[in-house]
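To keep things clear, I will list the structure first and then write my remarks on it.
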Amino acid sequence: MKLRTLTLGLLSASALAFAAHAESITIATVNNGDMVRMQKLTDDFTKANPDIQLNWVTLEENVLRERVTTDIATKGGQYDVMTIGTYEVPIWAKQSWLLPLDKLGDDYDAKDIIPAIAGGLSVDGKLYAAPFYGESSFVMYRKDLMEKAGLKMPDAPTWDFIKQAADKMTDRANGVNGVCLRGKAGWGENMAFLTAMSNSFGARWFDENWKPQFDQPEWKNTLQFYVDLMKADGPEGASSNGFNENLALFQQGKCGMWIDATVAASFVSDPKASQVADKVGYALAPDNGLGKRGNWLWAWSLAIPAGTQKADAAEKFVSWATSKHYLELVASKEGWANVPPGTRTSLYANPEYQKAAPFAKMTLDSINAADPTHPTVKPVPYVGVQFVAIPEFQGLGTTVGQLFSAALAGQSSVDDALKQAQDAATAAMTEGGYIK
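Position one of the sequence shown corresponds to residue 0 (numbering that gives the first Met the number 0), numbered consecutively onward.
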């Protein structure tokens with residue numbers, strides 16, 4: 000008995016000594032389902048890396064953005080791994096706030112990352128964040144209403160077709176709106192949709208010299224088409240509708256078409272949540288024949304702040320969480336339908352995933368149709384599809400979003416909204432030193 004007690008004591012002392020030498024990394028992440036699931040599966044990581052302990056800081060999206068931005072800008076050093084979006088990556092990388100991810104491991108296969116997603120997370124050919132999941136936007140539509148209208152949705156529709164179909168599907172007497180689109184103000188709400196839409200109309204936020212372009216005909220054509228379409232065929236109170244409101248309308252059978260995030264496909268096709276689950280079809284976001292489609296590009300990704308003292312351990316974790324192995328791990332525990340989407344080419348070649356996600360091909364095609372390094376028809380000095388990757392954009396994008404939402408609500412004219420947008424953008428660019 001004494002020998003056994005002594006042995007256990009030695010083992011405990013050894014374990015304590017090992018724990019004292021284990022490296023602890025702190026991960027800041029968003030409180031969405033995919034990230035919560037990742038935390039539950041991290042035993043797989045710690046078994047392979049027993050010398051690394053994980054500490055989690057899980058926050059609501061807006062709080063996460065605020066805290067990680069403050070920490071990285073002040074070099075606070077609170078976090079070793081940060082969950083950030085496609086908007087932040089090029090800005091922070093250019094300010095040397097992020098470490099390049101060049102030690103992800105021989106079996107990581109960075110070339111398997113979908114090129115459009117990798118492009119938005121890279122600067123000068125170097126990857127500065129690894130995507131955990133990615134998305135674009137596309138058309139979700141009611142196949143039964145399209146057939147009733149005597150039309151067939153093309154795989155790659157034009158805006159003119161969308162207008163034609165919306166006019167024919169609108170049936171206000173029965174509570175059916177031909178189209179539902181974002182109208183709620185915000186750089187990530189209505190301006191995500193409208194900026195992506197404007198790309199397909201040949202518009203751009205700024206010319207090569209950072210001069211705002213809201214006084215150009217391409218923006219007038221974009222905003223006028225949008226306002227006219229929504230007034231004729233959109234839901235009442237559309238200026239208050241964002242992603243969640245339109246999702247609810249579509250699931251309740253009140254929208255003939257909805258153009259929004261590809262991740263919504265799993266919600267609208269879920270018979271437990273959607274009254275029209277068996278009637279939904281998918282198509283690429285519309286274009287105007289100018290070579291650009293009205294779809295955006297986004298990824299929630301893991302990055303390593305330059306101020307960390309634990310870069311090697313942090314990169315091991317990033318590699319694990321964004322690897323092919325992790326996708327297989329989720330599939331084994333939760334099924335292929337719950338695998339984080341939109342990051343790896345190989346996932347979309349997987350027959351099991353294709354079977355579980357009938358919208359998989361259109362999602363990949365939509366992601367591939369977006370090019371963050373060349374988002375517009377005419378040349379621009381910025382990257383980003385539905386945003387402009389400069390620090391000033393969050394504030395400016397929200398201001399312009401409020402002006403455009405007011406135009407949709409009938410509180411101002413399209414011309415007035417564009418003039419005020421031009422003035423606000425000119426002031427912001429002048430204050431920021433982009434133009435004189």
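Just so you know, even glycine gets a beta-carbon here, dropped at the ideal spot from N, CA and C.
Item: Cβ pair count under 8 Å reaching 3, the segment 279-290 against the segment 179-190; Value: no
Item: Boundaries (first-last residue) of the alpha helix (DSSP H) holding residue 57; Value: First-last for residue 57: 51-58, but that is the beta strand (DSSP E), not the alpha helix (DSSP H).
Item: Spatial neighbours of residue 90 in its chain, beta-carbon cut-off 8 Å, leaving aside the 5 residues before and after; Value: 388, 389, 390
Item: Integer-rounded CB distance, given that residue 238 should sit under 8 Å from residue 407; Value: 5 Å
Item: Rounded straight-line distance, which links the Cα of residue 410 to that of residue 418; Value: 14 Å
Item: C-beta atoms of residue 298 and residue 133 nearer than 7 Å; Value: yes
Item: Rounded separation between residue 240 and residue 52 - CA only; Value: 42 Å
Item: Residue burial classification, residue 61 (beta-carbon count within 10 angstroms, cutoff 16); Value: exposed
Item: Between the CA atoms of residue 371 and residue 118 - distance to the nearest angstrom; Value: 7 Å
Item: Contact between the segment 117-131 and the segment 78-85 (3+ Cβ pairs under 8 Å); Value: yes
Item: Per DSSP, the bridge partner or partners of residue 301; Value: 82, 129
Item: Proximity to residue 147 [Cα-Cα], best of 379, 167, 435; Value: 167
Item: Inter-residue spacing [alpha-carbon to alpha-carbon] between residue 428 and residue 334; Value: 48 Å
Item: Cβ-based burial, residue 73 [other Cβ within 10 Å; buried from 16]; Value: exposed
Item: Residue 141, enclosing beta strand (DSSP E) - first and last residue; Value: 136-141
Item: Which of helix, strand or coil DSSP assigns to residue 218; Value: helix
Item: Simplified DSSP assignment, three categories, for residue 32; Value: helix
Item: Nearest residue (CA-CA) to residue 259, options 124, 189, 71; Value: 189
Item: Short CB-CB distance (under 7 Å) between residue 404 and chain B; Value: Judged by its chain identifiers, the structure shown contains no chain B, having just a single protein chain.
Item: Residues sharing a beta bridge with residue 97, DSSP; Value: 304
Item: Proximity below 7 Å, CB of residue 330 to CB of residue 338; Value: yes
Item: Beta-carbon proximity list for residue 19, same chain, < 6 Å, skipping 5 on both sides; Value: Confidence at residue 19 is low in this model, with a pLDDT of 49, below 50, so the placement of that residue should be treated as unreliable; the coordinate-derived value is given next. There are no such residues.
Item: Euclidean distance between Cα positions of residue 352 and residue 433; Value: 46 Å
Item: The ligand HEM heavy atom lying under 6 Å from the CB of residue 310; Value: Ligands in the displayed structure: none, and consequently the ligand HEM is not present.
Item: Beta-bridge pairing of residue 197 - partner residues as DSSP gives them; Value: None, per the DSSP bridge assignment.
Item: Beta strand (DSSP E) segment containing residue 257, residue limits; Value: 256-260
Item: DSSP state of residue 273 mapped onto helix, strand, coil; Value: coil
Item: Backbone CA spacing between residue 11 and residue 42 [nearest angstrom]; Value: A caution first: residue 11 carries a pLDDT of 48, below 50, which makes its placement in the model unreliable, though a value can still be read off. Each residue's alpha carbon lies about 21 Å from the other.
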